[in-house]
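Quick note, in my numbering, the sequence shown goes up one by one and the last residue is 417.
Right, one structure below, let's go through it.
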Amino acid sequence: MNTTHDFTPEDRTALLDTVQRFATQAIAPHVNAWDEAGEFPRGLYHQAAELGLLGLGYPEHLGGTPAPWSVRNGMSQTLARHGGSGGVMASLFTHNIGLPPVLAHGTPELQAEVIPPVLRGEQIAALGITEPGGGSDVAALRTTARLEGDEYVIDGEKVFITSGMRCDWITLAVRTDLNSKGASGISMIVVPCHTPGISRSKLHKMGWHCSDTAQLRFDGVRVPARYRLGAEGAGFRMIMGNFNGERLAMSAMALGFSQACYDEALAWARQRSTFGAPLIERQVIRHKLMDMQMRIQSTQAWVDALGARVDAGDSGTDWVAQVCLLKNHATQTMQHCADAAVQILGAMGYMRGTVSERVYREVKVMMIGGGAEEIMKELAARQWAL
32 MNTTHDFTPE DRTALLDTVQ RFATQAIAPH VNAWDEAGEF PRGLYHQAAE LGLLGLGYPE
92 HLGGTPAPWS VRNGMSQTLA RHGGSGGVMA SLFTHNIGLP PVLAHGTPEL QAEVIPPVLR
152 GEQIAALGIT EPGGGSDVAA LRTTARLEGD EYVIDGEKVF ITSGMRCDWI TLAVRTDLNS
212 KGASGISMIV VPCHTPGISR SKLHKMGWHC SDTAQLRFDG VRVPARYRLG AEGAGFRMIM
272 GNFNGERLAM SAMALGFSQA CYDEALAWAR QRSTFGAPLI ERQVIRHKLM DMQMRIQSTQ
332 AWVDALGARV DAGDSGTDWV AQVCLLKNHA TQTMQHCADA AVQILGAMGY MRGTVSERVY
392 REVKVMMIGG GAEEIMKELA ARQWAL
């Protein structure tokens, strides 16, 4: 498969069959134990890499398999539906937010150094944007990188960093123009995470228990200038462009988790009897399931439509606006389906170990991460010049 156009419908079906087997055999049976342990085995990266899942969407010369968004979204949706763990997906595929800026703006030498070992599952790549005092206000970031000779010296903090404890590389947003307080002074630098001066602290969360999330501190960290991506001051635009792909992928994930909740609720309604009849025979239960399907089907249509548009080369302002609103719609669908599934399962839905209980706890991070709902609405309005 040399180009994204080489994926036939048969290829897509075969890939998604492989993904479903991987999710049901290598992930789903172990998720509860991994949540209790607070992490999943690093060997899972190697397993995913051997199946080509880590490299999906990357160039062949870097060890990947070029693939259209329709296929990549299908992988995300299938893993979410049959794996049932946002924590696994968040950490296992952190490179899909950490590496795209390297692929788009790094030198060939830097790409060759950083990307192949990550796609082989040997190393882990992360993205460092959010800061303790910044949140969604990316332009206000305070982590600095001053140039001394042929090195940058980095000082500052990043927080809520997925894979922050285990990452080998982090694509870091820094302020290289120390006199600027806005977007114009921001640059992107790839930082080797074992460089002296980096300290890490594990964070504990409501959900995504098996996902590694950390706060990172940079104290006089020296990084060769060749690790900078593109020109100085061009980082803000890189960050904004990177968010679009992240939001589309998160929408596909949210859709898969919605389906996982529906699947569990339907199975429970068929097997659980009350007052002498299965739950599925109760009109109120059937209507809850139909409300779930209504939202799932609309989300599926929107994910497919926007995936097809970007595959055809359309990533203009209207597409960006729709991706923002899709991210809201998909995560609201996930929220509705998780709530409805827990209600249908009753007390069992409140028990640790059910998919619906786990997804219920994971909803909020999906609604906040990658751009909170309020930010998404405002950004969409700006794209449409409202």
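Where a beta carbon is used, it is the ideal one built from N, C-alpha and C, also for glycine.
Owing to the predicted nature of the structure, the values given are computational and were not obtained by experimental measurement.
Delimiting residues of the alpha helix (DSSP H) encompassing residue i
{"i": "Glu405", "result": "Glu404 to Gln414"}
{"i": "Leu297", "result": "Gly266 to Gln302"}
{"i": "Ser232", "result": "Looking at the DSSP string, Ser232 is not in any alpha helix (DSSP H); the run it does join, the beta strand (DSSP E), is Ile229 to Lys233."}
{"i": "Arg43", "result": "Pro40 to Phe53"}
{"i": "Leu123", "result": "Gly117 to Leu123"}
{"i": "Glu144", "result": "Pro139 to Leu150"}
{"i": "Ala68", "result": "Val62 to Ala68"}
Opposing strand residues paired with residue i [DSSP bridges]
{"i": "Asp186", "result": "Thr175 and Asp250"}
{"i": "Met325", "result": "DSSP lists no partner for Met325."}
{"i": "Met219", "result": "Ala204 and Leu260"}
{"i": "Arg73", "result": "Beta-bridge pairing links Arg73 to no other residue."}
{"i": "Thr226", "result": "Answer by DSSP bridge pairing: none, since Thr226 is not bridged."}
{"i": "Pro309", "result": "Ser304"}
{"i": "Pro255", "result": "Glu182"}
{"i": "Thr96", "result": "Leu87"}
{"i": "Ile128", "result": "None; Ile128 has no bridge partner."}
{"i": "Thr193", "result": "Thr244"}
Where the beta strand (DSSP E) containing residue i begins and where it ends
{"i": "Ser101", "result": "Looking at the DSSP string, Ser101 is not in any beta strand (DSSP E); the run it does join, the alpha helix (DSSP H), is Trp100 to Gly114."}
{"i": "Ala156", "result": "Ala156 to Gly159"}
Buried versus exposed, by CB contacts within 10 Å (16 or more), residue i
{"i": "Pro40", "result": "exposed"}
{"i": "Trp415", "result": "exposed"}
{"i": "Leu297", "result": "buried"}
{"i": "Met188", "result": "A small fix is needed here, since residue 188 is Glu in this sequence, not Met. With 16 or more other Cβ atoms within 10 Å, it is buried."}
{"i": "Thr226", "result": "exposed"}
{"i": "Gln142", "result": "buried"}
{"i": "Asn210", "result": "exposed"}
{"i": "Phe124", "result": "buried"}
{"i": "Asn33", "result": "With a pLDDT of only 36 at Asn33, under the threshold of 50, the placement of this residue in the model should not be trusted; the figure read from the coordinates follows. Flag for Asn33 reads exposed."}
{"i": "Pro60", "result": "exposed"}
{"i": "His240", "result": "buried"}
{"i": "Thr305", "result": "exposed"}
{"i": "Arg383", "result": "exposed"}
{"i": "Val222", "result": "buried"}
{"i": "Leu72", "result": "The question names Leu, but residue 72 in the sequence shown is Pro. Classification of Pro72: exposed, given that the 10 Å Cβ count is below 16."}
{"i": "Ser232", "result": "exposed"}
{"i": "Gln418", "result": "Past the boundaries of the shown model lies residue 418; the chain is included only from 32 to 417, so the question cannot be answered."}
{"i": "Val149", "result": "buried"}
{"i": "Gly347", "result": "exposed"}
{"i": "Ala412", "result": "exposed"}
{"i": "Gly216", "result": "buried"}
{"i": "Asp345", "result": "exposed"}
{"i": "Thr44", "result": "exposed"}
{"i": "Ser230", "result": "exposed"}
{"i": "Gln290", "result": "buried"}
{"i": "Arg301", "result": "exposed"}
{"i": "Tyr76", "result": "buried"}
{"i": "Tyr381", "result": "exposed"}
beta-carbon residue i near the ligand FAD non-hydrogen atom, thresh 8 angstroms
{"i": "Ser211", "result": "This structure lacks the ligand FAD, and indeed carries no ligand of any kind."}
Is it the case that the region 277–285 contacts the region 357–370, given that we only count it when at least three CB pairs across the two stretches are under 8 angstroms? yes
Does the contact criterion of 3 or more C-beta pairs under 8 angstroms hold for the region 246–261 versus the region 382–390? No: the two stretches stay apart, fewer than three of their Cβ pairs being nearer than 8 angstroms.
Please give me, in chain order, every unbroken run of the alpha helix (DSSP H) with length at least 4 that falls completely inside the region 342–396. 348–376
Are the region 192–211 and the region 155–168 touching, with three or more C-beta to C-beta distances below 8 angstroms? yes
Would you check if the region 256–266 and the region 128–146 touch, i.e. whether three or more CB-CB distances between them fall below 8 angstroms? yes
Contact between the region 91–100 and the region 165–177 (3+ Cβ pairs under 8 angstroms): no
Is the region 110–117 touching the region 50–70 in the sense that three or more CB pairs, one from each, lie closer than 8 angstroms? Under the three-pair Cβ rule at 8 angstroms, the region 50–70 counts as touching the region 110–117.
Under 8 angstroms, with one C-beta from each stretch per pair, do the region 330–342 and the region 305–315 reach the 3-pair mark? no
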